[in-house]
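Be aware that the sequence shown starts at 1, since it is given in the UniProt record's numbering, and climbs by one per residue.
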Amino acid sequence: MTKPAITVPQDAGVDEAIRLMEDHGVHRLPVLDDAKLVGIVGRSDLLRGFLRSDSGLREEVRDEVIKRAMAIDPDTLSVAVHNGVVTVSGQVERTGMIPVIVALIRRLDGVVDVREHLTAELDDSHLPIEEPVNTGVIEAFQRHS
1 MTKPAITVPQ DAGVDEAIRL MEDHGVHRLP VLDDAKLVGI VGRSDLLRGF LRSDSGLREE
61 VRDEVIKRAM AIDPDTLSVA VHNGVVTVSG QVERTGMIPV IVALIRRLDG VVDVREHLTA
121 ELDDSHLPIE EPVNTGVIEA FQRHS
């Protein structure tokens, strides 16, 4: 065992944990939350998320990101996955949607990289960002009572 022990914070990303393992030649890392041991993570734990089939990952991108999160017909965009690298292409409504799509895809377990070949019908990059309007349940109830 090395002294001091090589540890990883609980909120660290997979890439940080793998880098620590590589840099220090260890196969497992104690996981800490505020200097308190909360678990141990091994290489196989970290790699498990990346060991997904390309077809399964493609379906998750189409169903969860494009259709569910972005409310886009998944048949309007092309999604290809090869060894965990997702390539998405096609046309979306606004340019502001493109970085959101890429960020959501990157968050999926098993995604190694994202290659984006998207265009937009409308360039909204010059438009001011407005504060969202609160249309919560209480306000809706008050309007109807």
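Virtual Cβ for every residue (Gly too), placed ideally from N, Cα, C.
Give the secondary structure of residue 69 by DSSP, where H, G and I count as helix, E and B as strand, and everything else as coil.
-> Taking the sequence shown and counting its residues from 1, one reaches residue 69 at position 69. Helix.
What beta strand (DSSP E) runs, 3 residues minimum, are completely inside the segment 44-128?
-> 77-82, 85-94, 113-122
Give every residue of the same chain whose Cβ lies closer than 6 Å to the Cβ of residue 31, excluding the five residues on either side of it in the sequence, and list them in chain order.
-> Residue numbering aside, residue 31 sits at position 31 when the sequence shown is read from its first letter. Taken in chain order, the residues that qualify are 8, 10, 38, 39, 41.
Could you work out which residue in 87, 104, 76, 15 is closest to residue 93 when comparing CA atoms only?
-> If you number the sequence shown from 1, residue 93 lands on position 93. Of 87, 104, 76, 15, the residue nearest in Cα terms is 76.
Residue burial classification, residue 129 (beta-carbon count within 10 angstroms, cutoff 16) = Here residue 129 corresponds to residue number 129 of the sequence shown, with the count starting at 1. Looking at its Cβ environment, which holds fewer than 16 other Cβ atoms inside 10 Å, residue 129 is exposed.
Give the straight-line distance between the Cα atoms of residue 121 and residue 95, rounded to the nearest whole angstrom.
-> Taking the first residue of the sequence shown as position 1, residue 121 is located at position 121. Taking the first residue of the sequence shown as position 1, residue 95 is located at position 95. About 8 Å.
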